[in-house]
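Report on one structure; see the data block that follows.
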């Protein structure tokens with residue numbers, strides 16, 4: 060994977076995730092009149108990644124085709140954000156479950172492209188290769 064491929068794979072999902080952290084509270088206020096629900100939606104979309112990240116890293120290291128895992132996480136996250144855009148029409152518990160799942164798979168697209176880059180380019184900075192050797 061070249062530098063342009065890396066950027067093309069990593070920038071859109073990261074921008075969507077960052078944008079969702081802003082958009083979810085606004086949508087919650089607009090559709091439900093409750094900013095607290097918006098905060099809970101953001102927490103549901105970001106919190107699970109803290110617990111899932113070590114497991115995701117191990118899964119990516121052991122996977123034969125980690126690109127499929129990265130792509131799948133992007134699709135699941137897109138579906139969750141699309142459902143969240145329809146707060147008010149989609150039941151709130153469904154949105155919460157989807158956002159928790161999206162949060163759990165977010166380390167795949169946050170760190171996964173780096174893993175793909177390290178595997179495909181022996182010239183990648185030494186620090187990343189050293190990290191992989193130590194872990």
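Residue numbers (the working numbering): 60 to 194. C-beta atoms are modelled at their ideal positions from N, C-alpha and C, and glycine is treated no differently.
Over the uninterrupted alpha helix (DSSP H) stretch that includes residue 133, give me the two end residues.
125–143
Enumerate in chain order the residues of its own chain whose CB-to-CB distance from residue 163 is below 8 Å, with the five nearest sequence positions on each side excluded.
107, 108, 110, 111
Figure out for me which residue from 149, 133, 127 has the closest Cα to the Cα of residue 75.
133
Measuring straight from C-alpha to C-alpha, what distance separates residue 92 and residue 158?
20 Å
Closest by C-alpha distance to residue 84, when choosing among 102, 169, 167
102
Environment of residue 87 [buried if 16+ CB atoms lie within 10 Å]
buried
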